[in-house]
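Enquirer:
2 protein chains.
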Amino acid sequence: MQPSETAQRVAVAHVWPEIEGGRFPIKRIIGDVVTVDADVFADGHDAIACALRFRHQRERRWNETPMALLSNDRRRGAFVVDQLGRYHYTIVAWPDPFATWLSDFAKWLNAGNDIRMQLAIAAELVNAAAARARGADRTTLRAAAARLGAADDGAVAQARDPDLQSLVARYADRSTATAYDRELEVIVDRERARCAAWYELFPRSTAPTPGRHGTFADMERRLPYVAELGFDVVYFPPIHPIGVTNRKGKNNAPFAGPGDPGSPWAIGAGSCGHDAIHPDLGTLDDFAHLLAAARALDLEVALDLAFQCSPDHPYVRDHPEWFRRRSDGAIQFAENPPKKYEDIYPLDFTTISAPALWEELRRVVEFWIGQGVRIFRVDNPHTKPFTFWQWLLTEIGRAHPDVIFLSEAFTRPNIMYRLAALGFSQSYTYFAWRNTRAELTDYFTELTQTSLREYFRPNLWPNTPDILTAYLVDGGRSAFVIRFVLAATLGASYGIYGPAFELCEATPLAAGKEEYLNSEKFEIRHWDLDRPESLREIITRVNTIRRTNPALQADVGLRFHPTDNENLLVYSKSTPDAGNVVLVAVNLDPLWVQSGWTDLSLSALGLDPARPIEAHDLLTDTRHRWRGPRNFVQLDPAVMPAHIFRLTQAPEAR
Amino acid sequence: MQPSETAQRVAVAHVWPEIEGGRFPIKRIIGDVVTVDADVFADGHDAIACALRFRHQRERRWNETPMALLSNDRRRGAFVVDQLGRYHYTIVAWPDPFATWLSDFAKWLNAGNDIRMQLAIAAELVNAAAARARGADRTTLRAAAARLGAADDGAVAQARDPDLQSLVARYADRSTATAYDRELEVIVDRERARCAAWYELFPRSTAPTPGRHGTFADMERRLPYVAELGFDVVYFPPIHPIGVTNRKGKNNAPFAGPGDPGSPWAIGAGSCGHDAIHPDLGTLDDFAHLLAAARALDLEVALDLAFQCSPDHPYVRDHPEWFRRRSDGAIQFAENPPKKYEDIYPLDFTTISAPALWEELRRVVEFWIGQGVRIFRVDNPHTKPFTFWQWLLTEIGRAHPDVIFLSEAFTRPNIMYRLAALGFSQSYTYFAWRNTRAELTDYFTELTQTSLREYFRPNLWPNTPDILTAYLVDGGRSAFVIRFVLAATLGASYGIYGPAFELCEATPLAAGKEEYLNSEKFEIRHWDLDRPESLREIITRVNTIRRTNPALQADVGLRFHPTDNENLLVYSKSTPDAGNVVLVAVNLDPLWVQSGWTDLSLSALGLDPARPIEAHDLLTDTRHRWRGPRNFVQLDPAVMPAHIFRLTQAPEAR
């Protein structure tokens, strides 16, 4: 053993946040405060000094901020993340003999002991600090040590001078300091990674007349509609050329008819692949024009990263080594027995040639970043290796910390959560299939009250081009309203696939199937946006409520409140300072009126249960005056299946 | 990036047991099964093979055992620890393409697909395994591949042959295997580390006549008494020479009178220190004789390791560098403001000379091991650095894995638990101060239901020479019975300081103090073991019950049962196979009769609530026949404040 080993007396343990033993970063938004707790303790009864260290990945030197004692051994420190990218944080702690001395000194004084020897010890400690100090501080410390050494009344006053304490602390002996054995990380994203309303649509279905392939110019004309609905992000399925070999027909027919456009996810044709634009949509210039038009409307465009190829993709010809071959020499098309995707070849991420493939895919991402895209929805990331995503997201994040990646993984929880841990900014969830009060409460408690809240940012979709749930099929227009309000208020981020959603499209391919009939994946649709059943008005209203209520812009302030009717889900969201409190009540039954009593934890929401509460229903713009935690709720799905109240303390009536 | 990085597709996560991210070992007893769980998953839908690897610290090569799928991604494997010392364990996992193929194959068959291509793929996989095999296995695999390649009816049968599956698995391609990134440890102790009844006494108080200093020969004559009471370990406070400088008098008086023997914890006089025996007790030969006599009675002797010195210890003269000096040059005696221990100098474990001190203390431990001692109670380990204990316990454990260390740390939980994590075999607890039902339930739930159960082995002491609790002072003889039954049945390990305990000695130094009046720490006492209030009979009975009921020999099978009277504590202990079920009911009120109803979770105890239960009270040897979970308990502390039932399923009455 070495003397240095023998000298470290402080232990740093149970650091929080720390994901899976420090293997994965937590996530924050620029401007956030990162609060770090730890148990810090040593043998004996010595006082301990403790600092939280942090630095941006581009900084070399640690910044330090003290960690204050909460109770027993628990310490807390905090720092603000004011730059995008990754931060590192860790903890350092060391014995503080002067603080120990001060605490003992008070006890010796109380016990009426002779304190001359104690003051001599203090003088020694202060002189030792002086030896580590320079300039004026050294002079000050030397003088203080001399005053302590005098062991008179002035010495006692000197000992208790808080300025002396902080000066001695500044020149602490850190030679025996314990550095926590892990450096932890924070990924700092921009605000849109935490909160955004997404709208997915197929640009090819935006032509003004039926039967025509929509263009980026058509899509540009659709943007004001999306902006007026109040969305932040408009997301397009792949915009690349589509293969012709084994192209699928309408409703996933094995063979395409003459006019069938094929699935946009069967990417690549001729010499054009993932960095090209489908000629029927337009050119790169048109795309740039579209991006600018979106920007002018405060809309951001998200593209789809689907790392797979049609049999006609140039990679197939130029890089046959990137594909797995069968024993007969043919490339194996995608399959998930007994399903077959003959129009798609998966890439093989783990062959000896994988490094070149990985670099090429990074180039593709960089290409679109170069065009001005900063948000990507990633198709099926769970069918590519974790190591690939960890590498890609880290590399892109280093160069472009403003880029946001949404993980479209519908698979087992471990895999979904691991992808988030590896760096995906947001993740699709099981929301589409969580319908009952118990299901919703359990799932959102897991997402917002466990360690997942530190790194898994849910993005809630009531539908997607692949998902038309039985709840929507069976529940009619009210079901769409219910699922919309839930998505937009349970999740700081949510999305709909439209216009199918707002037009309440609800015909499945076949009974019991989750696929849409006449899915836009395989054909061009023309939508009448003015259909009377359109949810346009309520969508616009809820998105406005989201923008004006910061409580709805984060996931962590969620709290469920008990009701005596299990068809009623009641929850609140509040900002950390309780300055904004939103209470949502939803009738989960799309067919019948439901009513019941709810018990609100008012004081947990920062409201005084003894004083009246004003509940302003932001959906209907009606105001109610409540007294106490127990309130009656009745919701008729045929009228409006939800309340979204803003709660404030009302003035006492005179 | 390197190809090797790109190829690892399997993730191993959430391994259990794993203490604080793998920093600390778990503990087991020789012969135990170590069960290890983990989430093991990969991208895509490939099947995964997974093995638990383990090796004793003296072995170089890993042993492997497969980890079976529990549900979703959760795997479980197990191994038996059949040697003392440390084991390492970790996990390795790799994709299993043949298992994937088999699962897909079944689906293709069901879907009525042409399976010739599938069989060709299988032939390829089996041939690849053949290339990795040798001898007869290679021939077998080649033949199987040929049969698969034939793609006829025989090929389908061949594909499903379980022998082929295991042969292919034996020659799996592990080139892309993922090794879990931590190697975890198990400390394997002998049975006495898990379960023992300790009896502490001062050998100097065992002389047959009052006023004489007891000797090892006297102590040897006391051994049959201790053995008859049913104890396993007899523990002596320090047996070394005691200093004269600043020796304390009776009742901790600052100055000793002429005949005062001093505190045994003020170790060292003249040329004799921690490796010497107090001359009034006897010689090393006498000690060896005593050890042999104990062994003959199946009693094991535990010594006290108190790493501190009297001012007369030879270290003070020979190694002044091992002590901290004050500014006036004097060595600082021990203090805990405002308390002073002028008869004791603490050692300074963190000076530049610490390595030599550490080595010397190891020599002391080795010396007593050389004399035949295998159990040490360690005095105040929390006042010495964690790094010292980690080093000492690891070093001694490597050379003498049968040695047991009991940590006497009464301090904050983090520190007590950290000492256990560093390697102490057992630990003192807060048991002495946990009196109410809520206190006992909370504390023992924490100790036995959280991760603490993996490494913190409690040893419960109702009293020690330093601790005479208010509960014992105020409660009379019944209080002693209650605390004894609780200690001996809540804890697989417990101890009493006798004869003070069994003779119900309950006079404190002063009202409200926890110190004994006329404490044996400062004077020699003569005890009349035949006093009528002696707990001899009940102690003997309870220790017999412990020996014949394996459920009481472990801590993990503890379960609390609700009662409607908070003065009644009802708990059960059962073996993992539910072959032995012990139910304990204790009246926590030493003064009054208490009664109430209890609800037993019978099915959790492996008992059928629908059939009659025989409850055999092992304390009173009475038998009761119960039906159903709800039972009435009434306990009169003046008669017997506890039941210890053995529960069995009774035959149905005819």
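Chains as they are written, first to last, in our numbering: chain A, 8 to 661; chain B, 8 to 661.
All C-beta atoms, glycine included, are put in the ideal place defined by N, C-alpha and C.
What you are looking at is a predicted structure, and each value in this text was computed from that prediction instead of being measured.
1) Please report the distance separating the alpha-carbon of B:Leu361 from that of B:Arg333.
2) What does the Cβ neighbour count give for A:Glu512, buried or exposed, with the cut at 16 atoms within 10 Å?
3) Per DSSP, which one or two residues make a beta bridge with A:Trp23?
4) Name, please, each residue of chain A whose Cβ falls closer than 8 Å to the Cβ of B:Gln15.
5) On a CA-only basis, which of A:Arg381, A:Asp571 and A:Thr358 is nearest A:Tyr242? Give me that one, please.
6) Taking B:Lys114 as the query, report the chain A residues whose CB atoms sit under 7 Å from its CB, ordered along the chain.
7) Between the C-alpha atoms of A:Tyr352 and A:Thr605, what's the straight-line distance to the nearest angstrom?
8) Whole-angstrom Cβ separation of B:Val549 and B:Ala495, contact assumed at under 8 Å?
9) In chain A, what lies closer than 9 Å to B:His389 by C-beta?
10) Please identify the residue among A:Tyr178, A:Leu497 and A:Pro636 whose C-alpha is closest to the C-alpha of A:Arg141.
11) Among all the DSSP beta bridges, which residues are the ones paired with B:Trp101?
12) What is the DSSP secondary structure of B:Phe61, reduced to helix, strand or coil?
13) Quick one: complete beta strand (DSSP E) runs, 3+ long, within the stretch 435 to 466 of chain B?
14) Can you list the residues of chain B that A:Ile5 reaches, using a CB-CB cut of under 9 Å?
15) Is B:Lys391 helix, strand or coil when you go by DSSP?
16) Taking DSSP as the reference, what is the three-state secondary structure of A:Ile531?
17) For A:Phe61 and B:Val251, I'd like the C-alpha separation in whole angstroms.
18) Please confirm if the stretch 38 to 49 of chain B is in contact with the stretch 408 to 417 of chain A, defined as three or more CB-CB distances below 8 Å between the two stretches.
19) Need the endpoints of the alpha helix (DSSP H) that B:Tyr232 sits in, please.
20) Does the stretch 313 to 333 of chain A come within contact of the stretch 383 to 398 of chain A, defined as at least 3 CB pairs closer than 8 Å?
21) Applying a beta-carbon distance threshold of less than 8 Å, which residues of chain D neighbour B:Arg333?
22) Taking the alpha carbon of A:Trp214 as the point to measure from, which residue in A:Trp205, A:Ala477 and A:Leu230 has its own alpha carbon closest?
23) Which of the three DSSP states, helix, strand or coil, is assigned to A:Gly142?
24) Threshold first: 3 residues or longer. Then list the beta strand (DSSP E) segments lying entirely within the stretch 145 to 198 of chain A, N to C.
25) Taking Cβ-Cβ distances shorter than 8 Å, what residues in chain B pair up with A:Thr216?
26) Using a C-beta cutoff of 8 Å, does B:Gly250 count as contacting chain A?
27) Give the straight-line distance between the Cα atoms of A:Leu625 and A:Ile651, rounded to the nearest whole angstrom.
28) Would you say B:Asn117 lies against chain A (beta-carbon separation less than 8 Å)?
29) Quick check: the Cα distance between B:Leu590 and B:Phe451, rounded to an integer number of angstroms?
30) Using a Cβ-Cβ cut-off of less than 9 Å, give me the residues of the stretch 20 to 40 of chain A that come near chain B, in sequence order.
31) Would A:Thr183 count as contacting chain B if we go by Cβ distances under 8 Å?
32) Spatial neighbours of A:Leu609 within its chain, please: C-beta separation below 6 Å, excluding the five flanking residues on both sides.
33) Taking buried to mean at least 16 other C-beta atoms within 10 Å of its own C-beta, is B:Arg167 buried or exposed?
34) Under 7 Å, CB to CB, which of the residues in the stretch 128 to 158 of chain B have a partner in chain A?
35) Would you please verify whether the beta carbon of B:Thr452 is less than 8 Å from any beta carbon of chain A?
36) Give me whichever residues DSSP pairs with B:Val17 in a beta bridge.
Expert: The answer reads as follows:
1) With the sequence shown as reference, residue 361 of chain B is identified as Ala, and Leu is not the correct amino acid for it. Using only the alpha carbons, I get a separation of about 18 Å.
2) buried
3) In the DSSP output, where bridge partners are listed per residue, A:Trp23 has A:Asp44.
4) Ordered by position in chain A, the residues that pass the 8 Å Cβ test against B:Gln15 are Pro392 and Thr394.
5) A:Arg381
6) Ordered by position in chain A, the residues that pass the 7 Å Cβ test against B:Lys114 are Pro344 and Pro345.
7) 53 Å
8) Yes, they are in contact, since the Cβ atoms of B:Val549 and B:Ala495 sit about 5 Å apart, within 8 Å.
9) Within 9 Å Cβ-Cβ: Asp50 and Gly51.
10) For the options A:Tyr178, A:Leu497 and A:Pro636, the alpha carbon positioned closest to that of A:Arg141 is the one of A:Tyr178.
11) B:Ala56
12) In the three-state reduction of the DSSP assignment, B:Phe61 falls in the strand class, which pools E and B.
13) Runs of the beta strand (DSSP E) lying entirely within the stretch 435 to 466 of chain B and spanning at least 3 residues: none are present.
14) Only positions 8 to 661 of chain A appear in this structure, which leaves residue 5 of chain A out of reach.
15) coil
16) coil
17) Separation of A:Phe61 and B:Val251 (C-alpha to C-alpha, rounded to the nearest whole angstrom) is 54 Å.
18) Contact between the stretch 38 to 49 of chain B and the stretch 408 to 417 of chain A is not established, with fewer than three Cβ pairs separated by less than 8 Å.
19) Phe223 to Leu236
20) Yes, since at least three Cβ pairs between the stretch 313 to 333 of chain A and the stretch 383 to 398 of chain A fall closer than 8 Å, the two stretches touch.
21) Annotation note: the requested chain D is absent from the structure, which comprises protein chains A and B.
22) The sequence shown places Ala at residue 214 of chain A, rather than the Trp named in the question. Distances from the CA of A:Ala214 to each of A:Trp205, A:Ala477 and A:Leu230 were compared; the closest alpha carbon is that of A:Leu230.
23) helix
24) 191 to 196
25) Here the premise fails: no neighbours, minimum Cβ distance about 42 Å.
26) no
27) In a straight line, the C-alpha of A:Leu625 is about 6 Å away from that of A:Ile651.
28) yes
29) 16 Å
30) Ala20, His21, Glu25, Glu27, Gly28, Gly29 and Arg30
31) yes
32) Pro616 and Pro636
33) exposed
34) Ile128 and Glu131
35) no
36) B:Ala49
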